[in-house]
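Numbered per the numbering used here, the sequence shown spans residues 32 to 526.
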Amino acid sequence: MPTTAYLDHNGEVWYCPPSKIKVACGMDVRRFPFDAHICKIRLSSEDDQVKLSGRPLHPSALPLSRNASSVWSLKSITFSDSQVLNMACLDIAFEVERRSHHYLYDVTLPWASSFVLTLVVFWLPADSDRRLTLVGLNLVFITQIMWRVTSLFVIYLGNAILIEAIVAVSTVVILNMATAPVPARIPDAVVRFLSGPIGPLLCLRHYSELDEEYVSHSQLLRTKLFDPSKYDVHRRPTKDNSSATEVSLHFYGEEVAYMNLQDDWLALAMVTCKKWYDRTLRWNRGDYGGLQSIDVFLSEIWSPDIQIVNTNPDDYTPQTIMASLFHDGELWFCQTATVKVPCPMDLTDYPFDSQVCRIRFALLAYEDDEVRLGGEGTLNPSVTNQSSEWQVTFLDTSHGTLLNKTSLDIIIGMKRRCTHHRYTATLPWVASVIMMLLGFWMPANSSRRLTLACINLLLIMLMLQRITVLLKTSSAVPKIGGFFVLSNNDLHAFV
């Protein structure tokens with residue numbers, strides 16, 4: 032990491048440190064492996080007098096665009112400026128495209144082979160024994176490659192399973208008739224801070240041009256408010272020592288940029304705001320040129336040390352920014368953070384299950400009679416991430432005490448989007464039921480009956496491998512897993 036900057040004769044300063052970052056990037060893989068995505072990195076400055084800008088680079092100048100061994104090809108880089116929490120921000124958008132030739136032999140050719148086998152099934156004579164055998168083998172083949180792909184390929188493969196099951200039904204019906212005595216088928220919304228009715232109250236005042244008069248008033252006000260002989264940053268704001276300081280914590284569901292529930296852990300990137308009053312930091316707006324609010328550093332004021340207690344300290348990464356102080360002594364401190372908390376999962380109704388996760392905030396430095404923690408959570412359903420496997424259904428809060436310390440629980444209710452598992456769980460389950468019924472409909476002395484049962488056994492075993500992964504994180508056995516186990520036992524007895 033270089034520690035020196037470059038200064039030219041025009042006063043232009045260049046500082047180019049190499050960096051490695053990891054950001055959330057929503058992916059729409061419906062056209063996999065021919066998909067393209069746009070990932071954004073947001074840079075910001077805590078100084079409201081700094082303006083950020085970017086200079087576009089040609090993608091050919093970057094290593095990723097020239098590295099033929101990489102799965103991704105960089106197409107363009109664009110810059111756009113914005114403002115969040117009264118901070119100047121710069122959004123860098125990277126457009127990347129997947130190199131489809133990397134998936135020629137493990138996706139494209141297997142898909143083409145499955146398509147050819149499906150056509151062969153229709154070309155074979157209706158009363159051919161090989162038609163039923165080919166249907167079973169193609170079902171197993173499709174189930175295997177389904178675990179490697181998603182999106183439109185999953186839709187194709189899921190529909191192919193259903194078509195194969197229909198073909199098997201028609202084949203059995205024709206065979207039975209022939210032997211009878213009488214023959215007879217997403218732009219990510221730009222994150223905005225509190226666009227609701229309380230937005231004007233929470234957003235900081237922005238000055239496009241700071242004149243000398245404003246700077247003078249601001250400096251005089253800071254000198255008066257933060258005089259060390261009159262203000263103690265270690266003393267909590269209160270009318271008297273017997274009354275508790277009220278701190279309000281606000282959790283905004285519409286500001287959740289990333290959320291994922293997997294393996295009994297909930298990971299999310301969120302925005303939380305703390306509000307409290309400090310009566311010693313009030314001023315008359317008329318004495319300071321109508322100045323309504325100023326930005327202050329946390330080191331200049333008393334602030335509540337709110338921690339998340341049900342997580343590992345290494346799994347909670349808050350980003351510290353400046354607080355907003357209003358003329359009536361109201362203080363707002365909003366910060367972004369990434370957190371990972373445990374969330375026990377009950378997968379009994381998988382893939383139609385719902386989960387409830389809790390994030391517990393607590394004030395560990397003060398007793399309940401010194402500082403009380405309250406708060407609320409708001410949720411805007413229209414901004415939920417449609418590409419996510421989970422949909423937030425409700426957001427609630429509950430208050431309590433933890434070892435005589437005040438605490439606040441943010442309760443997040445989520446429901447799994449069953450459409451994400453329609454082609455990987457539901458349709459294979461339906462196909463297995465159809466093939467099991469076919470086994471009972473066929474004549475008892477038919478050799479095809481044993482072939483069909485064995486193929487269905489293999490299909491069920493492949494699906495059980497998928498269910499086995501879920502058992503490690505579930506407090507109960509999924510019902511669909513019980514169905515496959517019972518079906519397996521029935522088929523063994525049937526064979």
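Where a beta carbon is used, it is the ideal one built from N, C-alpha and C, also for glycine.
Predicted, not measured: the structure shown is a model, and the values here were computed from it.
{"Check": "Limits of the unbroken beta strand (DSSP E) element including F24", "Outcome": "Here the chain comprises residues numbered 32 to 526, so residue 24 is not present and cannot be evaluated."}
{"Check": "M445 - containing alpha helix (DSSP H), residue span", "Outcome": "No alpha helix (DSSP H) contains M445, which is instead part of the beta strand (DSSP E) from K436 to R447."}
{"Check": "A456, DSSP secondary structure in three states", "Outcome": "helix"}
{"Check": "Sheet register partners of T348 (DSSP bridge)", "Outcome": "T369"}
{"Check": "E331, DSSP secondary structure in three states", "Outcome": "helix"}
{"Check": "Top-ranked residue by Cα proximity to I352, from T276, F364, N343 and Y262", "Outcome": "F364"}
{"Check": "Own chain residues within Cβ distance below 6 Å of E361, not counting five before or after", "Outcome": "Y308"}
{"Check": "Proximity to V302 [Cα-Cα], best of T369, H265 and T269", "Outcome": "T369"}
{"Check": "Residue from K261, L252 and S247 whose Cα sits closest to the Cα of N315", "Outcome": "L252"}
{"Check": "Coarse secondary structure for C374, derived from DSSP in three states", "Outcome": "coil"}
{"Check": "Cα-Cα separation, K446 to P48", "Outcome": "43 Å"}
{"Check": "Option nearest S113 by Cα separation, candidates A124, W103, S107 and S104", "Outcome": "A124"}
{"Check": "Reference E128, options L74, R310, I69 and G167, closest by Cα", "Outcome": "I69"}
{"Check": "CB contact flag (C374, D326, <8 Å)", "Outcome": "no"}
{"Check": "For S385, the residue or residues it bridges with in DSSP", "Outcome": "K446"}
{"Check": "Helix, strand or coil at H248 [DSSP, three-state]", "Outcome": "helix"}
{"Check": "8 Å Cβ shell around V81 - same chain, five flanking residues per side excluded", "Outcome": "A119"}
{"Check": "Cα-Cα separation between D440 and Q338, rounded to whole angstroms", "Outcome": "12 Å"}
{"Check": "Closest Cα partner of L299 within the set C449, S429, E43 and I443", "Outcome": "I443"}
{"Check": "Whole-number beta carbon distance between T348 and V372, since they are thought to touch under 8 Å", "Outcome": "Contact doesn't hold; Cβ gap of about 13 Å is too wide."}
{"Check": "Where Q114 falls: helix, strand or coil (DSSP)", "Outcome": "strand"}
{"Check": "Assigned secondary structure, V461 (DSSP; H/G/I helix, E/B strand, else coil)", "Outcome": "helix"}
{"Check": "Paired residues, beta bridge with I491 - DSSP", "Outcome": "Looking at the DSSP assignment, I491 forms no beta bridge with any residue, so it has no partner."}
{"Check": "Q323 versus H358, S247 and I52, residue with shortest Cα-Cα distance", "Outcome": "H358"}
{"Check": "DSSP state of C485 mapped onto helix, strand, coil", "Outcome": "helix"}
{"Check": "The beta strand (DSSP E) enclosing S50, as first and last residue numbers", "Outcome": "Where S50 is concerned, there is no enclosing beta strand (DSSP E), given that its DSSP letter is neither H nor E."}
{"Check": "Residue of N291, D345 and S249 minimising C-alpha distance to Q423", "Outcome": "Per the sequence presented here, residue 423 reads as Val, with Gln not at that position. Minimum Cα distance to V423 is reached at N291."}
{"Check": "First through last residue of the beta strand (DSSP E) which encompasses E277", "Outcome": "T276 to Y283"}
{"Check": "Neighbourhood of G269 by C-beta distance below 8 Å, restricted to the same chain and skipping five residues each side", "Outcome": "Reading off the sequence, residue 269 comes out as Thr, not Gly. So the list reads A275 and T276, once near-sequence residues are dropped."}
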